[in-house]
Structures are given as C-alpha cells and as structure tokens.
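Each remark here refers to the structure printed beneath this line.
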C-alpha cells in the first residue's frame, strides 16, 4: 500500500502519474518481499521541497529524508534510496529462504 501526502506542494494529476511510474520498480520489489507499506510526505519550505518516506516490509522498517530545489530532484533521490534499501531487504530475504 502506498500513501502520498502532498502537504503544501501543488501536484497536478500528471505529476502524480509520474510519481507512480517512477515508483513502479520499488513497488514490485516491495510486493515480492511482502507486508509492504510506504508513506511519502512532501513539504515545501521556502524554495526547497522536503520529502520523507516511511517504509515497512517483512524484514524491517526504514525512514528516508531528502531535500531538493524542485519536487522532481527530491523525488528522484528518494526513489533511488528507497529502491536501494528494498533491494538490500530482498537480498536478505533470498539468503533467509535459502538456509
């Protein structure tokens, strides 16, 4: 399950589609791991956009935070970090099931 809280950042419907398209790979891995829940919060402060992600899956929880000058910069960074963490959890899952 994915929750997006845009806060005080104005997102058009096309922007939301872009967000979901960029998250597609991370969602697929999270579903494979199991018990996948992700909440992304966006806040605009001055000229910067801050994004936080809280992710829960079968192998643990992790929180990520990033700032960028535009929402696309911040989102690109946070998606990369989410995917990296989920990939590590998937490797742990593979090692766990192999033993």
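Numbering (the working numbering), first residue to last: 0 to 98. No residue lacks a Cβ here, since even glycine has one placed at the ideal position from N, Cα and C.
| Item | Value |
| --- | --- |
| Boundaries of the alpha helix (DSSP H) in which residue 51 is found, first to last residue | Careful: residue 51 lies outside any alpha helix (DSSP H), inside the beta strand (DSSP E) at 47-56. |
| At least 3 beta-carbon pairs within less than 8 Å: the segment 78-98 vs the segment 41-56 | yes |
| Backbone secondary structure at residue 16 - three-state DSSP | helix |
| Rounded separation between residue 30 and residue 39 - CA only | 17 Å |
| First through last residue of the alpha helix (DSSP H) which encompasses residue 87 | 70-97 |
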